[in-house]
Amino acid sequence: MITLFLPPALACYAASSAGFIADRALGRIRWTGSAALALAIGAIFHALDLVARGIQAGNIPVDSFAEALSFMAWLIALLGLVLIVRLRIAIIGAFVGPIVTIAGLIALMTMRTTHLVLPDSLRSVWLPIHVTLALLGYSMFVLAAAVSLIYLVFESKLKAKRIMRPADSDVPSLEKLDRINYRLLGWGFLMLSLAIVSGAIWADATWGHFWSWEPVESWSLVIWILYAALLESRLTVGWRGRRAAALTIVVFTVLVGSVVGVILAFPGKHGGSFG
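In this note's numbering, the protein residues as written are 4 to 278.
Okay, here's the thing in structure tokens:
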């Protein structure tokens, strides 16, 4: 099912992207406020789309990769708004806008027109808990990678003593960007950990075993270990700043590869083949 709410959401996301990117390209702050508003309106339309499809399905609309991608795009938009409005990191909009636009467009183009019916064994209260926690964790990792990229770009500008433009005046200090990166990683790791635990409990209640070592589960564990090592390196070794930002991007690249490669090629119980 495709509702009438997703296309206007994508239009708002696209307008938001244009506003944020235009300000960065022109080196001035002119469209940032309007771009943030467009992002918020897009998130509202997107929420209506998710609610409409959820009501029709009778469960959280994540029965396919396209639906899960759409849901995660919405979460990224919401978290991005928090960073833009509350933490005043307007530059993150130049990343959030295009990400949610592209993700939402891919979801729209690949989404089924008919709804996939979940088997009774999967109609559980654990479904929204497990999926929401997992996608929240991934969304925070997306934003952590974006913040890390901003850190690397502006650190190189400072080292090269390049003249900052008016649009760069709202960019937080490198120390603040590093702290935000750490918090996003910490919260994302917590969400992923809770998602793995809730998934194991749900699997035991449904299939009689906590872990089946299917590809998605195995790669989730790999990703969990990598992010655990990244956080441990910050706490014990003291890796911060440029090194932490670079490692965040490297681990996120592995995450993207695992999601795109493993989930699409070997979905198992996580991609609509509920065997």
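For glycine and all other residues, C-beta sits at the position ideal for the given N, C-alpha and C.
Quick caveat, the model's predicted, so the values are computed rather than measured.
- The beta carbon of Glu-70 sits closer than 6 Å to the beta carbons of Pro-64 from its chain, once the five residues preceding and following it are set aside; these are given in chain order.
- Distance between Trp-214 and Asn-62, taken at the CA atoms: about 24 Å.
- Excluding residues up to 5 positions away in sequence, Ala-46, His-49, Ala-50 and Leu-53 lie with their Cβ nearer than 7 Å to the Cβ of Trp-77 in the same chain.
- The three-state secondary structure of Ser-67, taken from DSSP, is coil.
- Judged by DSSP secondary structure, Asp-173 falls outside any alpha helix (DSSP H); it is assigned neither H nor E.
- The criterion of a C-beta distance shorter than 8 Å is not satisfied by Leu-195 and Leu-111.
- Selection Arg-33, Arg-91 and Ile-95 evaluated against Leu-152 yields Ile-95 as nearest (Cα-Cα).
- Within 10 angstroms of the beta-carbon of Ile-228 lie fewer than 16 other beta-carbons, which makes it exposed.
- Remark: C-beta atoms of Ala-137 and Ala-198 approach each other more closely than 8 Å.
- Across the structure, Thr-104 and Ile-92 are spaced so that their CA atoms are roughly 19 Å apart.
- With respect to the 8 Å criterion, Val-265 and Val-219 are classified as neighbours on the basis of their beta carbons.
- Apart from sequence neighbours up to five positions away, the residues of its chain that approach Asp-26 with a beta-carbon distance below 7 Å are Ile-32, Arg-33, Trp-34, Thr-35 and Ala-170, ordered along the chain.
- Between the alpha carbons of Leu-187 and Phe-144 lies a gap of roughly 7 Å.
- Taking 8 Å as the cut-off, the Cβ atoms of Tyr-154 and Ala-248 count as close.
- Shown here, Phe-48 sits in a helix according to DSSP, grouped into three states.
- Approximately 6 Å separates the beta-carbon atoms of Phe-157 and Val-174; this is inside 8 Å, confirming the contact.
- Taking C-beta atoms as the reference points, Ser-19 and Gly-100 count as a pair closer than 8 Å.
- Between the alpha carbons of Ser-127 and Arg-56 lies a gap of roughly 18 Å.
- Judged by their CB atoms, Ala-97 and Ile-24 are nearer to each other than the 8 Å cut-off.
- With at least 16 other beta carbons inside 10 angstroms of its own, Leu-84 counts as buried.
- Take Asp-207, set aside five residues on each side of it, and the residues of its chain with a beta-carbon closer than 8 Å to its own are Phe-213, in chain order.
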